[in-house]
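Step one of this worksheet: look at the structure below.
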Amino acid sequence: MSRAERTQLPGGGEPVNADGQYSLDPLDLAHASTVERAAEALRQALFAGELTPGTPLREVALADSLGVGRSTVREAMALLTAEGLVTRIPNRGVVVTAHDSDQVKDVMHARLVLEAAGVRAWSEASTVDRQRVRAAFDTYAQLIDDGAPVRAVSEAHLHFHISLVALTASSRLVAVAQSLAAEIRLALAHVDRVRGDVLEQLGSHRRLLGLLESGDGDATITELRAHLSAGESSLLQALDQQA
């Protein structure tokens with residue numbers, strides 16, 4: 001293709017030809033799928049507490065364990081680094097993220113901002129998104145009634161909170177909320193929390209949902225702030241006991 005046949009994209013991007021076609025290499029979808037599967041396997045190991053905070057993640061050992069190449073593991077860990085689940089430390093490599101009190105407070109503050117935005121969007125939210133909040137709560141409550149494992153209850157609990165953010169109808173805000181939830185899952189995986197207050201937690205969520213469905217945004221945000229503050233205190237206490 002001659003220089004005359006190329007057109008530069010705004011901002012200095014990749015050139016296109018006269019027909020408006022990009023001169024990009026085809027995607028290797030099979031490779032991308034393998035990277036994501038490797039990343040998901042590592043996520044589940046992290047959330048299950050199989051890899052503890054500060055544990056070095058060695059490419060060779062992980063590649064052998066997962067049955068993939070080192071480059072796949074490297075790319076998978078890059079995804080987890082972006083999610084805050086692992087941390088790259090100079091001269092040490094990649095390790096499982098160890099959350100400290102400041103990080104926990106920051107995550108919980110960010111959650112409050114996002115979820116409060118969802119609460120404020122309730123009156124303008126679609127019927128489908130409102131119904132999803134109710135459905136998420138019902139699933140959470142049913143798991144508690146069934147005596148489901150703590151991890152399953154925790155997943156449903158976080159899904160309920162993400163459904164609040166989804167009321168904003170912003171996929172980007174939901175993506176941020178999902179990333180924050182992943183960090184909370186990681187922190188929860190490494191503390192001994194036998195939730196004896198599970199019914200109290202259920203009651204708090206029921207009050208929160210009731211206020212939300214009543215349309216009282218201010219009261220809902222007040223309840224949300226108290227709920228997240230209590231969760232933060234509980235998590236910080238548990239982390240301190242593990243230190």
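By the working numbering, the letter at position 111 of the sequence shown is numbered 111, and the numbering carries on one by one without gaps. Glycine is no exception: its CB is placed at the ideal position from the N, C-alpha and C atoms.
| query | result |
| --- | --- |
| Buried or exposed: A226, going by 16 or more other Cβ atoms within 10 Å of its Cβ? | exposed |
| Give me the residue from G203, A177, E223 and L235 with the minimum Cα distance to E83. | A177 |
| Nearest to E50 by alpha carbon, out of T72, A76 and V96? | V96 |
| So, are the CB atoms of M77 and E232 less than 7 Å apart? | no |
| Could you tell me whether the region 111-118 touches the region 161-174, using the rule of 3 or more Cβ pairs below 8 Å? | yes |
| Would you kindly work out how many angstroms separate the C-alpha atoms of A125 and A169, rounded to a whole number? | 7 Å |
| Under 7 Å Cβ to Cβ from R88, same chain only, skipping five residues before and after it: list those, please. | T81 and V94 |
| Distance check for L85 and E36, CA to CA, integer angstroms please. | 15 Å |
| If you count every other CB in all the chains shown that lies within 10 Å of the CB of V128, and 16 or more means buried, which is it? | exposed |
| When the Cα of S123 is compared with those of G217, A175 and D64, which residue comes out closest? | G217 |
| Apart from the five residues just before and just after A219, which ones in its own chain have a Cβ nearer than 7 Å to its Cβ? | L211 |
| Identify, in the order they occur along the chain, each residue of the same chain with its Cβ nearer than 6 Å to the Cβ of R185, setting aside the five sequence neighbours on each side. | F47 |
| Just list the beta strand (DSSP E) runs in the region 210-241, keeping only unbroken ones of 3 residues or longer that don't cross its boundaries, in chain order. | none |
| Going by C-alpha to C-alpha distance, which of V133, R206 and L158 sits closest to E183? | L158 |
| Contact defined as beta carbons within less than 8 Å: I believe A38 pairs with T72. What is the distance between those atoms, to the nearest angstrom? | 5 Å |
| Please confirm whether A152 and L143 have their CB atoms less than 7 Å apart. | yes |
| Could you pull the DSSP bridge partners for G93 from this structure? | I89 |
| Can you say whether R172 is buried or exposed, counting buried as having 16 or more other CB atoms within 10 angstroms of its CB? | exposed |
| At which residues does the alpha helix (DSSP H) containing H244 begin and terminate? | What is shown of the chain runs 1 to 243, which leaves residue 244 out entirely. |
| Between the Cα of Q237 and those of V104, S65 and P53, spot the shortest distance and give me the residue it belongs to. | V104 |
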